[in-house]
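So the sequence shown is numbered by full-length UniProt numbering: it starts at 1 and just counts up by one. The structure appears below as structure tokens.
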Amino acid sequence: MTAQSPKILIHPDTKKSIRHEDFIAGLGKGMAILESFGTDRHRLNISMAAERTGMTRAAARRHLLSLEYLGYLESDANYFYLSPKVLKFSGAYLGGAHLPKISQPLLNQLTQSSSLIYSIMVLDGYEAITIARSSAHQQTDRVNPYGLHLGNRLPAHATSAGKMLLAHLDATQQRHWLEQHPLQRLTKYSHTDNAQFLALLDEVKNQDWCYSSEEHELGVHALAVPIYNQNTQVVAALNIVSSTSKNTQDYLIQHILPLLQDTAQELKNML
Numbered sequence: 001m002t003a004q005s006p007k008i009l010i011h012p013d014t015k016k017s018i019r020h021e022d023f024i025a026g027l028g029k030g031m032a033i034l035e036s037f038g039t040d041r042h043r044l045n046i047s048m049a050a051e052r053t054g055m056t057r058a059a060a061r062r063h064l065l066s067l068e069y070l071g072y073l074e075s076d077a078n079y080f081y082l083s084p085k086v087l088k089f090s091g092a093y094l095g096g097a098h099l100p101k102i103s104q105p106l107l108n109q110l111t112q113s114s115s116l117i118y119s120i121m122v123l124d125g126y127e128a129i130t131i132a133r134s135s136a137h138q139q140t141d142r143v144n145p146y147g148l149h150l151g152n153r154l155p156a157h158a159t160s161a162g163k164m165l166l167a168h169l170d171a172t173q174q175r176h177w178l179e180q181h182p183l184q185r186l187t188k189y190s191h192t193d194n195a196q197f198l199a200l201l202d203e204v205k206n207q208d209w210c211y212s213s214e215e216h217e218l219g220v221h222a223l224a225v226p227i228y229n230q231n232t233q234v235v236a237a238l239n240i241v242s243s244t245s246k247n248t249q250d251y252l253i254q255h256i257l258p259l260l261q262d263t264a265q266e267l268k269n270m271l
């Protein structure tokens, strides 16, 4: 009698694999509960959490109560919300990750030279996440379209950095991403047609920079370039976000794009 091959699970987003017997389903459900909180919903009751995670109300209730017991959630008896303890993970990442550390001085230099706000973002599923941003003590342009804070998550298809990162996925990965994350209309300028969006990603990859205007929020436009490592793999995107009333598209492309490209090259040399 031959032994059966172990059942292998493959994560739909990360594509990482694990043997079924090694996967702790309860841990996965607990993380799903935490991930169900977001900028669109800061407080969840049991029914909301069950709907967002696909769990039964009984299972959602047990996981919510367990996370509250462990200190990751707080509750007012009706709704649950994240506690400050969840910041322990983001703080550990930002404190130990190499790219945020080496990029911070360069981002600050960019802001000092142009009085604009710069960020570095990475792709995580549907969203692009800010992992570093420039300090802007002298900033007069108080546009804060996305919050522009560390850990902020933006819909990738509607942002310059997100499209820059999506452009460097291979064709199969791009199609899978669109299957998992259908294009949503956030403003009248958002892309919602898959074929046109894929053509745009191809154009973005070829020109090696991405300009995006009012696709996520009206009155806001942005410009992004890829950050490569020494193996010419794209590991992040460097972008600038500004008000359309303060800076024109031509200004960003003619004057800011070279700054972004020079900084991205400097970061590549340091990675």
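Every residue gets a Cβ at the ideal spot worked out from N, C-alpha and C, and that includes glycine. The model shown is predicted, which means the values in this text are computed figures rather than measured ones.
Within the segment 126 to 209, the complete alpha helix (DSSP H) segments of 4 residues or longer fall at 160 to 167, 171 to 180 and 194 to 207, listed in chain order.
A Cβ-Cβ contact shorter than 7 Å links A128 with L154.
By the C-beta criterion, the segment 63 to 72 is judged to be in contact with the segment 31 to 44, since at least 3 inter-stretch pairs fall below 8 Å.
In the DSSP annotation of this structure, the continuous segment of the alpha helix (DSSP H) that includes Y69 starts and ends at R57 to L70.
Taking C-beta atoms as the reference points, A222 and V234 fail to come closer than 7 Å. L252 carries a helical assignment under DSSP once its states are collapsed to helix, strand and coil. Checking the DSSP bridge columns, you'll see G38 partnered with R41. Annotation: S83 to G26 spans about 21 Å, alpha carbon to alpha carbon.
Taking a C-beta distance under 7 Å as the contact criterion, M164 and A237 qualify as a contact pair. Taking S190 as the centre and dropping the five residues before and after it, the same chain places the C-beta of A158 and E215 closer than 6 Å to its C-beta, in chain order. Counting the other Cβ atoms within 10 Å of the Cβ of S17 gives fewer than 16, which makes it exposed. Within a 10 Å sphere around the beta-carbon of F37 sit 16 or more other beta-carbons, which makes this residue buried. Between N152 and T130, the gap from beta carbon to beta carbon is short of 7 Å. Under the criterion of beta carbons closer than 8 Å, Q174 and L201 qualify as touching, at roughly 6 Å. Here the alpha carbons of Q196 and G54 stand approximately 32 Å from one another. Three or more beta-carbon pairs drawn from the segment 260 to 267 and the segment 100 to 109 are found closer than 8 Å, and the two stretches are therefore classed as touching. A straight-line Cα-Cα distance of about 20 Å links Q184 and T172.
In this structure, Q261 places its C-beta atom within 7 Å of the C-beta atom of V225. Excluding five sequence positions before and after L94, the CB atoms of its chain that fall closer than 6 Å to its own CB belong to P100, given in chain order. For F23, the three-state secondary structure derived from DSSP is coil.
When the alpha-carbon of N239 is set against those of L271, Q207 and S134, the nearest one is in S134. T56 sits exposed, since fewer than 16 C-beta atoms from the chains shown fall within 10 Å of its C-beta. Minimum Cα-Cα distance from F80 among the listed residues H98, A60, L87 and A167 corresponds to A60. When beta bridges are read from the DSSP output, H221 appears opposite S213 and S242.
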